[in-house]
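Everything on this sheet refers to the single structure shown next.
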Amino acid sequence: MGARHIQEESDYDDIEEPQRNCSVTETIKGGRVSYSNEGLEGSVLTYHCNLGYYAYPVSTRVCNSRGEWSIMILSNGKTVSTATCKDILCPAQLQLDNGQFWPKKLWFKIGEEQEFSCREGLTLLGSAKRNCTEWGHWTGTLPVCIDHADGCGDPGIPPGAIRSGGRFGINDQIKYRCQSGMDLLGPEVRVCLDSKEWSGPEPRCKAPHIFDSPASVAQAMDGSLSAVIDVSFPEYKKKGPTYARSLKMEKGCLNIFILIDTSGSIQANQFEGAKQATASLIRKLSSYDVQIKFDIISYASEPQDIITVLDPVSDNTDLVLEKLKSFTQTKHGEKTGTNLYKALTSVQKRLSYLKAKNQTQFEETQNVILIETDGYSNMGGNPYYVLGSIRELLGYKSMPLDNSHEELLDVYVFGIGENVKVTELKSLASSKIRERHLFILKSYKDLGEVFNRMINDSSVTKCGVAHELVSPRTNDDGGYDPEPSQIVYTRPWHVSIFWRGKPCQGSILTKDWVITSAHCLMKLNRHLMEWADAKDINIQHGDGKGNGKLLIYHPNFNVTKLRDKNVNEFYDYDVALIKLSSSITLSSKSRPICLPCTISSNRALKMNSDSTCKKHESALLDLQQTPAYFISQGKSRKQTHIQSGEKRGDCIEQYKPALASNNQVSLTDVITDRFLCTGGSQKYKDYITCKGDSGGSLFLRKAMRYFQVGVVSWGTIAVCELTTSIIPDPPVGARDFHISVFSIMPWLKEQLKKDLDFLPN
Numbered sequence: 000m001g002a003r004h005i006q007e008e009s010d011y012d013d014i015e016e017p018q019r020n021c022s023v024t025e026t027i028k029g030g031r032v033s034y035s036n037e038g039l040e041g042s043v044l045t046y047h048c049n050l051g052y053y054a055y056p057v058s059t060r061v062c063n064s065r066g067e068w069s070i071m072i073l074s075n076g077k078t079v080s081t082a083t084c085k086d087i088l089c090p091a092q093l094q095l096d097n098g099q100f101w102p103k104k105l106w107f108k109i110g111e112e113q114e115f116s117c118r119e120g121l122t123l124l125g126s127a128k129r130n131c132t133e134w135g136h137w138t139g140t141l142p143v144c145i146d147h148a149d150g151c152g153d154p155g156i157p158p159g160a161i162r163s164g165g166r167f168g169i170n171d172q173i174k175y176r177c178q179s180g181m182d183l184l185g186p187e188v189r190v191c192l193d194s195k196e197w198s199g200p201e202p203r204c205k206a207p208h209i210f211d212s213p214a215s216v217a218q219a220m221d222g223s224l225s226a227v228i229d230v231s232f233p234e235y236k237k238k239g240p241t242y243a244r245s246l247k248m249e250k251g252c253l254n255i256f257i258l259i260d261t262s263g264s265i266q267a268n269q270f271e272g273a274k275q276a277t278a279s280l281i282r283k284l285s286s287y288d289v290q291i292k293f294d295i296i297s298y299a300s301e302p303q304d305i306i307t308v309l310d311p312v313s314d315n316t317d318l319v320l321e322k323l324k325s326f327t328q329t330k331h332g333e334k335t336g337t338n339l340y341k342a343l344t345s346v347q348k349r350l351s352y353l354k355a356k357n358q359t360q361f362e363e364t365q366n367v368i369l370i371e372t373d374g375y376s377n378m379g380g381n382p383y384y385v386l387g388s389i390r391e392l393l394g395y396k397s398m399p400l401d402n403s404h405e406e407l408l409d410v411y412v413f414g415i416g417e418n419v420k421v422t423e424l425k426s427l428a429s430s431k432i433r434e435r436h437l438f439i440l441k442s443y444k445d446l447g448e449v450f451n452r453m454i455n456d457s458s459v460t461k462c463g464v465a466h467e468l469v470s471p472r473t474n475d476d477g478g479y480d481p482e483p484s485q486i487v488y489t490r491p492w493h494v495s496i497f498w499r500g501k502p503c504q505g506s507i508l509t510k511d512w513v514i515t516s517a518h519c520l521m522k523l524n525r526h527l528m529e530w531a532d533a534k535d536i537n538i539q540h541g542d543g544k545g546n547g548k549l550l551i552y553h554p555n556f557n558v559t560k561l562r563d564k565n566v567n568e569f570y571d572y573d574v575a576l577i578k579l580s581s582s583i584t585l586s587s588k589s590r591p592i593c594l595p596c597t598i599s600s601n602r603a604l605k606m607n608s609d610s611t612c613k614k615h616e617s618a619l620l621d622l623q624q625t626p627a628y629f630i631s632q633g634k635s636r637k638q639t640h641i642q643s644g645e646k647r648g649d650c651i652e653q654y655k656p657a658l659a660s661n662n663q664v665s666l667t668d669v670i671t672d673r674f675l676c677t678g679g680s681q682k683y684k685d686y687i688t689c690k691g692d693s694g695g696s697l698f699l700r701k702a703m704r705y706f707q708v709g710v711v712s713w714g715t716i717a718v719c720e721l722t723t724s725i726i727p728d729p730p731v732g733a734r735d736f737h738i739s740v741f742s743i744m745p746w747l748k749e750q751l752k753k754d755l756d757f758l759p760n
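Residue numbers (numbering that gives the first Met the number 0): 0 to 760.
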């Protein structure tokens, strides 16, 4: 009996208890609930509220092994069983020195307004009225009452804050604190510097459940990272005695260290979101004209290297992205703590090695550290002290009040979610004048949107940079139709040219020069040729308009050259340059396209310094069918394919029927080697140019930059009219011809040598 009893107990021990799933019928008042992994252990419950509301007291819960969702605890320690959607509120302006504000209360609802005025004799700088937005931020700018005194001037007081210290002379200090329950992002103390600038960035008060909007973060990152990139450009000029960034280096070189939190609190979908956001950032950064080496570290209890700056391929964007894509969260195993100290120690060791290897190059290299985290360090030492060691390695003080002088180091910190510890993150981020380095975002999806927006930077005036729309209206031809307000940003090099009522197109090569087709600027009346006068040419670009000052036709352009062979119009060398009477102010609406065979294009292509024009041609026109684009009717980007090699012969053959009755010329007499031929792809839909598109650019996209390879000249069939908005599918024999910029490069070099630096042939 006893033996049997023991056996029965043993049998029961082998029986596994059924897994307990969490309920998937949870609700939230005023919102909805979603679940990952159907309520199994480790599943995440997410509360969703409409824009302008937030989930209270938490936005997410995790299913434990007992089949229970993590408890919800209020700030007073009490637990609750039901979540609710609450109004997002904006913190009020609490102080305005030498002025008044109304209404006076602590919080404002979305849409409510606060007004400001100054006492008599003082001027209000900033907004007289501000409205509370659905993000919990205010419209407009900080109100300040100024009396035009010497020194740094009143820097303003952010909503929700109180400021002490009312003197603004050199070396004077002011201090900020936020009202109870809010976190201060930015410095608590600011000093009036000798340059009459306040140290550090503008502080702000963050309320619980309020996050930075992706648009505002992208704008702030644009300004700050552009300063980093500009310092890394070899042609950057050293600035005067201000706290703007200056230059020590002769070579453009930049190390980017990206530290990704992969601790136990990070769910699988969040980690994938972090990887995707990081990939977006890498693609954006790789489009700049500077050599960048990437170092990516995934950190939990121990750091795991995805790629290091010591790896020979760390400057190869494609390989870096491949390594990032293949890395999995499971490589950390059961070690799921958060040890940012060790991750930063890995960065320090790498920098120490680079300094010992080549100190001169080390002192000419920018270093950017980006930290992505959802919480705070729970093991290891204080990461702040490792950053102090990194600063000392670069020749800076370990714990300065302001980091604006640190030209070789920038530390950006992205806190993701509602559980971030602002105090720790603030201690890590760089504090630099007029720049923000600390951001608090709601989700990794928002972080990805930030990085996708970052190329939209009005300060970037390097060649071939254009906005890439987050949600363009795609069309069937491989191009897209931007919203009317976005058109100028998506093709900022494009210009419209008008002479004697004749519309044509062109593209910006420099702030002073535009390239177009020659036949746009002449009229043929029987045997009389009328040539345009430069001053009569009107050029409209994204940021305004102007007139010509100088017009230069290609000397070999002769539209009547083959008249004696029964060819009415001949378009060989159909290209002209227009110098504007006043320079274009370069901006995100008006900036040059990359012209191959130049130093700026060489950097954009990431090619070696000993590259040649021939190598550029091989790199850009490397396929028998090369995808390319043109701007149709001054608006939409349309896709076509350049037919090269064996494909070119078939392409130009489509014009043969037009010469069937003419035995005096051959096909290649009319379509010379200087023409690129587009259209007629078997596998793709190729768009055909319209009347009025002549003179525009035929361009390619490489490494997030745009390069002009041809000037639109003429086509075999007129498939559309300028006034037509609906453009039909092109006939089978429709082809377009464009003057190759490579074929006219000697002439371009001669005319533009004072404005552009060209490569050897």
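By construction, the Cβ of each residue, glycine as well, lies at the ideal position given by its N, Cα and C atoms.
For Phe741 and Ser600, which I take to be in contact (beta-carbon distance under 8 Å), what is that distance rounded to the nearest angstrom?
Phe741 to Ser600, Cβ: 12 Å. No contact.
Would you tell me roughly how many angstroms separate the C-alpha atoms of Glu25 and Pro154, rounded to the nearest one?
Distance between the alpha carbons of Glu25 and Pro154 is about 48 Å.
Given a cut-off of 7 Å, decide if Ile295 and Leu284 are closer than it, judged by their beta-carbon atoms.
No. Outside cutoff.
Going by Cα to Cα distance, which pick from Gln663, Cys650 and Ala659 is closest to Thr677?
Answer by Cα proximity: Cys650.
Label Ile305 either buried or exposed according to how many other C-beta atoms from any shown protein chain fall within 10 Å of its C-beta, with 16 as the threshold for buried.
By the 10 Å Cβ count, Ile305 comes out buried.
Here's the rule: buried if 16 or more other CB atoms are within 10 angstroms of the residue's CB, otherwise exposed. What is Trp101?
With fewer than 16 Cβ atoms within 10 Å of its Cβ, Trp101 is classed as exposed.
Between Lys441 and Asp728, what straight-line distance do the alpha-carbon atoms span, to the nearest angstrom?
One C-alpha to the other measures close to 45 Å.
I need the straight-line Cα distance from His615 to Ser313, nearest angstrom please.
Those two C-alpha atoms are separated by around 23 Å.
Within the chosen definition, does the segment 104-122 reach the segment 58-66 through at least 3 CB pairs nearer than 8 Å?
Not touching, per the Cβ criterion.
Leu576 lies in the beta strand (DSSP E); which residues open and close that run?
Per DSSP, Leu576 belongs to the beta strand (DSSP E) from Ala575 to Leu579.
Who are the Cβ neighbours of Lys588 in its own chain at under 6 Å, not counting the five residues just before and after it?
Here the set comprises Val487, Pro491, Gly541 and Asp542.
For the segment 68-85 against the segment 421-437, do three or more pairs of beta-carbon atoms, one drawn from each stretch, fall closer than 8 Å, so that the two count as touching?
With a cut-off of 8 Å, the segment 421-437 and the segment 68-85 do not count as touching, because too few Cβ pairs lie within range.
Have a look at Arg647, Thr122, Gly152 and Arg602 and flag the residue whose alpha-carbon is nearest the alpha-carbon of Leu666.
Comparing Cα positions, the closest option is Arg647.
Which residues does DSSP pair with Ile173 in a beta bridge?
In the DSSP output, where bridge partners are listed per residue, Ile173 has Arg189.
Less than 6 Å between C-beta atoms, sequence neighbours within five positions excluded: which residues of the same chain meet that for Trp134?
Closer than 6 Å at the Cβ level, and outside the excluded window around Trp134, lie Ser212.
Locate the alpha helix (DSSP H) running through Trp746, then write down its first and last residues.
It spans Met744 to Leu751 - the alpha helix (DSSP H) in which Trp746 sits, taken as one unbroken run.
Anyone know if the C-beta pair for Gln94 and Ile156 falls short of 7 Å?
Contact: yes.
Looking at the strands, I want to know which residues DSSP matches up with Asn254.
Note: Asn254 sits in a beta bridge opposite Lys292 and Asn366.
Report the rounded CA-to-CA distance for Ile538 versus Ile592, giving the unit in angstroms.
The straight-line gap from Cα to Cα measures roughly 16 Å.
With distances taken between CB atoms, is the gap from Pro90 to Pro202 smaller than 7 Å?
Going by C-beta atoms, Pro90 is not nearer than 7 Å to Pro202.
Is the separation between the beta-carbon of Leu121 and that of Val143 shorter than 7 Å?
No. Outside cutoff.
So, is Asp766 buried or exposed, given that buried needs 16 or more other C-beta atoms within 10 angstroms?
This structure leaves residue 766 out entirely; the chain is present only between 0 and 760.
Three-state secondary structure (DSSP) at Pro626?
Reduced to three states, the DSSP call for Pro626 is strand.
Is there contact between the segment 576-585 and the segment 498-516, where contact requires at least three CB pairs shorter than 8 Å?
Touching, per the Cβ criterion.
Below 8 Å, can you find three or more Cβ-Cβ pairs linking the segment 395-403 to the segment 158-170?
Taking 8 Å as the limit for Cβ pairs, the verdict is that the segment 158-170 does not touch the segment 395-403.
Which value, in whole angstroms, describes the spacing of the CA atoms of Asp445 and Leu343?
Those two C-alpha atoms are separated by around 25 Å.
Assign Ser617 to one of three DSSP states: helix, strand, or coil.
Ser617 falls in the helix class under three-state DSSP.
On the DSSP letters alone, give me the boundaries of the alpha helix (DSSP H) that Glu271 sits inside.
Looking at the DSSP string, the run of the alpha helix (DSSP H) that includes Glu271 is Ala267 to Leu284.
If we count the other Cβ atoms within 10 Å of its Cβ and call it buried at 16 or more, is His47 buried or exposed?
It counts as exposed.
In whole angstroms, what is the alpha-carbon distance linking Leu675 and Asn366?
Approximately 43 Å, taken between the alpha carbons.
Under the three-state reduction of DSSP, which class applies to Asn601: helix, strand or coil?
Helix, per DSSP.
Pick helix, strand or coil for Phe450, following the three-state DSSP scheme.
Helix.
With C-beta atoms as the reference, is Ser516 less than 7 Å away from Val710?
A contact, by the Cβ cut-off of 7 Å.
Given that a residue counts as buried once 16 or more other Cβ atoms are within 10 Å of its Cβ, and exposed if not, what is His518?
Classification of His518: buried, given that the 10 Å Cβ count is 16 or more.
Taking Phe556 as part of the beta strand (DSSP E), name the residues at either end of that continuous run.
Here Phe556 belongs to no beta strand (DSSP E), and DSSP marks it neither H nor E.
On the criterion of 16 or more Cβ atoms from any shown chain inside 10 Å, does Gln18 qualify as buried, or is it exposed?
Classification of Gln18: exposed, given that the 10 Å Cβ count is below 16.
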